[in-house]
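Asker: This is the structure I want to talk about, given as structure tokens.
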Amino acid sequence: MRLTHLGHSCVLIEISDARILTDPGAFTPDLTGITGLDAVIITHQHPDHFDQARLPALMKANPHARLISDSESLMVLGGLGLDATGHDASTAKIGEVHVTPIGKQHALINDAVPRVANVGVRLEAENEPTIYHPGDTLDEDPGRVDIVLFPLNAPWQLARDMAAFLKRINAPTAVPIHDGLLRKNGRDIYLDHARSFGNRSTEILDLAGEGEYVVRQDL
Numbered sequence: 001m002r003l004t005h006l007g008h009s010c011v012l013i014e015i016s017d018a019r020i021l022t023d024p025g026a027f028t029p030d031l032t033g034i035t036g037l038d039a040v041i042i043t044h045q046h047p048d049h050f051d052q053a054r055l056p057a058l059m060k061a062n063p064h065a066r067l068i069s070d071s072e073s074l075m076v077l078g079g080l081g082l083d084a085t086g087h088d089a090s091t092a093k094i095g096e097v098h099v100t101p102i103g104k105q106h107a108l109i110n111d112a113v114p115r116v117a118n119v120g121v122r123l124e125a126e127n128e129p130t131i132y133h134p135g136d137t138l139d140e141d142p143g144r145v146d147i148v149l150f151p152l153n154a155p156w157q158l159a160r161d162m163a164a165f166l167k168r169i170n171a172p173t174a175v176p177i178h179d180g181l182l183r184k185n186g187r188d189i190y191l192d193h194a195r196s197f198g199n200r201s202t203e204i205l206d207l208a209g210e211g212e213y214v215v216r217q218d219l
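Just so you know, we're using the UniProt record's numbering here: the sequence shown kicks off at 1 and counts up by one.
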């Protein structure tokens, strides 16, 4: 497996000969040049996860890629002229990769902000690590996974909630995402909380690098 953190919650997951892109949002610096995709997965409709302005060009550059989203984003995607499918209760397949939808609702931001649908995904393939992208919620249980992509910072999340999530999921490896609101000093503080107060047996694998948001890491 190879993971590339492209910024915020956008991750390129190369697993079992499939190239799967998650949450190409407005906080991802550059989506041009991303080709050869087998699937694009959108967890929910918020613009930091789903950039309506740039997604049509991304899909045009990847004409054979499947576009999968939560049910509420389907209506928006249709308005953009994009052909997409929603998750159902069963596991879909992208090549040899099983894609299991996890969850239904975005975390509470504020009582005054309507909650939208949010569907995370668990990806697994034979002889590959199992990986979980939760989107914007800490409430769901993906079962046993080898790698969890975890939100580092968000308006809907306390640092102690992040640490409790890492303890509960108890994955061997955790990769921080959802960090687009942070400068380096603040990001370092949240990373320290993840390492100090999360699961001590979980390796925090930071793919962002020193001020850089495109780093490849073989696992």
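Note that CB positions come from ideal geometry on N, CA and C, so glycine has one too.
For Ile68 and Asp38, what's the separation of their Cα atoms in angstroms?
Answerer: 11 Å
Asker: Mapping the DSSP letters down to three states, classify Arg115 as helix, strand or coil.
Answerer: coil
Asker: Between Asp206 and the rest of its own chain, which residues show a CB-CB distance below 8 Å, the 5 nearest in sequence each way excluded?
Answerer: Val175, Pro176 and Leu191
Asker: Within 10 Å of its beta-carbon, does Ile15 have 16 or more other beta-carbons around it, so buried, or fewer, so exposed?
Answerer: buried
Asker: What is the DSSP secondary structure of Val145, counted as helix, strand or coil?
Answerer: coil
Asker: Please name the residue or residues paired with Ile177 in a DSSP beta bridge.
Answerer: Pro151
Asker: Is it the case that the region 27 to 37 contacts the region 108 to 117, given that we only count it when at least three CB pairs across the two stretches are under 8 Å?
Answerer: Counting Cβ pairs under 8 Å, fewer than three are found: no touch.
Asker: Going by alpha carbons, who is nearest to Glu72 out of Ala84, Leu6 and Trp156?
Answerer: The option with the nearest alpha carbon to Glu72 is Ala84.
Asker: To the nearest angstrom, how far is the alpha carbon of Lys93 from that of Lys184?
Answerer: 38 Å
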